[in-house]
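Chains as they are written, first to last, in our numbering: chain A, -18 to 217; chain B, 557 to 956; chain E, 1112 to 1494.
These notes concern the structure reproduced below.
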């Protein structure tokens, strides 16, 4: 479902106390509109993983404000009681590696999320099939993940990320292991899905191949972001 | 919701079944060990049960006839028959002997019983082949574990006995098969020396001027005869009239007849606490150790299985699976493993038990207790693994 | 729509799990207390049985003669060895006479002397008689005095008395002499009957006392077996019953005999009855005295009655009975038993009838709650 995208204000994250404290995020501001795909670029140690983890409700920020969709999820403290449900329903994750559950077939891998939310199995599987079709891997619906090629697995992973129609997708180096053709395919899919389902997508990457495709890029350095316009080559 | 545990099992079913069989062997061994312990105690109890006796009358001041040697005159039983409450009293002798069979010896307990009266205390209570002893000499009923066949002639001391009947579960407290022979033969076997010793004895008597006086030729013969006659038995088994309190009969016997008398419970306590105590404790201790080790291994296996799924658990956590669901998956798997292990273990134990040389008693209650123990161990082990699983930081799924 | 996506795998798993479960259920039902107890069953038949009594005994000689001297002395000579056949009256041994021969001769002389004394007395008596008669004649013609006649009468009486005494002396001396001769012949040890020497305990030169045996002999025709029967199982033992004898050294050979008599005195200590059993025919080679023998005495056959094997009999508390199978159910039937034979068959006087089914062998002790399953034979018993 569509929402108002992602809105982050003054996000700070500090590890440890006193003199040995590490300030991973020193005040991050980000906006991403629904349907938009932005890049998040920065060297390692710059805090981009930390930012993603905060956004993914995996770690607690120290201070700041985060709005996902139309819900304030963090404002000086978590405003959402069930972070797990938040992750399950509101955030879609796409990782470097597909991280598919090896003992579930493709359909069930994707249908797992809605099943966890309580949806009846048949309905969940139907939904999964929709997405698999959208990503053009429906012919592998019954296969086990180990039987798929790398690209197919990645597409299934994306389908899983999208199955609940979350307002936000966080993609962490989704193209790192792929060659340029496949990398382009993934980015194209992300853009298509973002547009189709009005999802706000943040792609953390340092892959030179895809950076030019972003219209907007956030650079992050030393815990602070600044926005930059990208080349936006490709998909609009 | 699908069963994550079920899917995982189906996916790597080979590993699962294999692990289950491994667990099963371990559980089977533990169940068998418990059975060995119980069998040992049962051997002692069944020996007491088989005598059909309520009281054991033995030599005063001894804890015989099993824990210590005991000798009574063989006419003692007559005075016991008169006592109120006594239904039957029968002489019995026990002697552990090596009996010749097919070229080698086997260790047996030779029991001297009255022939011709089925149902007397001391006789085997039921047979699996043949018949009871009818002749007063040279017939035997043997336990089936002795390996003797019907019609076979076995040698006990200087006589040959024909095996006329076979019995089952008639074993000594040691698990040695019993061989029942007529009591007069048993008395002779127990107390009569071998020929060389007899010749020596006769020679010594002949050289003794007290026995070998001129003019009293019969004296020497009488002395020789008396020294090679045996009028002793090891115990008298007494069966009481129904509804008689054993101690009521035992106490007067001890007091007036100058004999030692044990009731069933006292005899059992002597056997279990003294005679088989060390062996039983040995096995009990090993059983405890084995159970602990088995529990530890089961726990370790469950733990390791879960360790191998850390990545999936992290992903599941990250994509929003409830802790409860993940915990449930691990717990279900470990319980399923436990059940398979137990089933395999019980089957294996039942099938390999007959090859043990001594009796192994697999009590159903032990199996039930074992089943629940396995379940509890699996659950506890999975709890440890779950704790570990839940501590996994889903953030690990995201690059560091 | 129910999907079963993993056909192959599920099937594979089921092929493992299902047999496992089946085995498990089998194990649960077939072992432990749920398992039925295997038993064998026999039908009670009306048969006539031949009870028999069994006892062991030793070969003995009916008459054993222990031959020895009636006075102490030394053995001079032995004429026989163990195993020799002797005839009645045969001299077996001789004791040393020592001075007995001299005593005999001395006594003979005394006898002869007594005879001489008789002749002397006779002579005197004749003379005295003649004198008495002569003086009587003289008295009649008044040629002598009455006093002398009386004296001569008295002399005659004295002489007659002395003759009488001398006669008695002879008798006495002869008796003494004959006594010594008899004693002398007593030093010959003589076989009283025909027989065989079984023991020769002393050798020449040994001093023995009165009553000590020098030679023992038996009449081999009088061998019998002294058999002991347990009192508990000796009912019906009587003289005249046929017996089968197996000598210990001749295992496999059964000899026939019969009970000669049952001893009026039994052995109270060993609780056995004693009987004497003789062989029907004289044996070619005699068994040595003391050899053990197993004797089976056949009692007369009993009329037909329901018969069961003794393995079927059990005692529950104080009742003797059998486990009867009726319509597949087990119940304990009390019975009164009758006679039994040596093969383990016992007659039932009360409690069972022809056609009843009784449990003979069982795997375990039975109780009224036991579940049974009838089999041909008990598993584990080789045929």
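Even glycine gets a Cβ: it sits at the ideal position worked out from N, Cα and C.
Is there a C-beta anywhere in chain E that falls below 9 Å from the one on residue i?
i	result
residue 902/B	yes
residue 670/B	yes
What would DSSP say about residue i, mapped onto helix, strand or coil?
i	result
residue 1407/E	strand
residue -14/A	coil
residue -5/A	strand
residue 1383/E	strand
residue 82/A	coil
residue 564/B	helix
residue 596/B	helix
residue 801/B	coil
residue 1277/E	helix
residue 186/A	coil
residue 1372/E	strand
residue 575/B	helix
residue 1337/E	strand
residue 829/B	helix
residue 702/B	helix
residue 1190/E	coil
residue 1169/E	strand
residue 1328/E	strand
residue 115/A	helix
residue 1417/E	strand
Say whether chain B places a C-beta atom closer than 9 Å to the C-beta of residue i.
i	result
residue 83/A	yes
residue 65/A	yes
residue 1481/E	no
residue 1340/E	yes
residue 1474/E	yes
residue 143/A	no
residue 96/A	yes
residue 1493/E	yes
residue 89/A	yes
residue 199/A	no
residue 1443/E	no
residue 61/A	no
residue 214/A	no
residue 1489/E	yes
residue 1217/E	no
Assign residue i to one of two classes, buried (16 or more other C-beta atoms within 10 Å of its C-beta) or exposed (fewer than that).
i	result
residue 217/A	Residue placement at residue 217/A cannot be trusted, given a pLDDT of 42 that sits under 50; what the coordinates show is reported in the next sentence. Flag for residue 217/A reads exposed.
residue 589/B	buried
residue 1306/E	buried
residue 1396/E	exposed
residue 644/B	buried
residue 637/B	exposed
residue 1489/E	buried
residue 908/B	exposed
residue 1167/E	buried
residue 630/B	buried
residue 764/B	exposed
Check the Cβ-Cβ distances between residue i and every residue of chain D, and say whether any is below 9 Å.
i	result
residue 594/B	The question asks about chain D, but that chain is absent: this structure's protein chains are A, B and E.
Which whole-angstrom value describes the C-beta separation of residue i and residue j, a residue pair presumed to lie in contact below a C-beta threshold of 8 Å?
i	j	result
residue 1308/E	residue 1215/E	Contact doesn't hold; Cβ gap of about 29 Å is too wide.
residue 802/B	residue 611/B	6 Å
With a threshold of 9 Å between beta carbons, is residue i in contact with chain A?
i	result
residue 573/B	no
residue 867/B	yes
- request: Using a Cβ-Cβ cut-off of less than 8 Å, give me the residues of the stretch 690 to 713 of chain B that come near chain E, in sequence order.
  value: Answer set for the stretch 690 to 713 of chain B: 690, 691, 692, 693, 694, 700 and 705.
Proximal residues, the stretch 1121 to 1142 of chain E versus chain B, C-beta separation under 9 Å: 1121, 1123, 1124, 1127, 1128, 1131, 1132, 1134, 1135, 1137, 1138, 1139, 1141 and 1142
field: Residues of the stretch 1353 to 1378 of chain E whose Cβ lies closer than 7 Å to any Cβ of chain B, in chain order
entry: none
field: Interface residues of the stretch 802 to 819 of chain B facing chain E [CB-CB below 8 Å]
entry: none
- request: Output, in sequence order along the chain, the residues in the stretch 1398 to 1430 of chain E whose CB is closer than 8 Å to any CB in chain B.
  value: 1405, 1420, 1421, 1422, 1424, 1425, 1426, 1428 and 1429
- request: Using a Cβ-Cβ cut-off of less than 8 Å, list which residues of the stretch 819 to 831 of chain B approach chain A; keep chain order.
  value: none
task: Please list the residues of the stretch 870 to 881 of chain B that have a C-beta atom closer than 9 Å to any C-beta atom in chain A, keeping them in chain order.
output: 870, 871, 872, 873, 874, 875, 876, 877, 878, 879 and 881
field: Members of the stretch 560 to 590 of chain B that neighbour chain A once the beta carbon cut-off is set at 9 Å
entry: 560, 563, 564, 565, 566, 567 and 568
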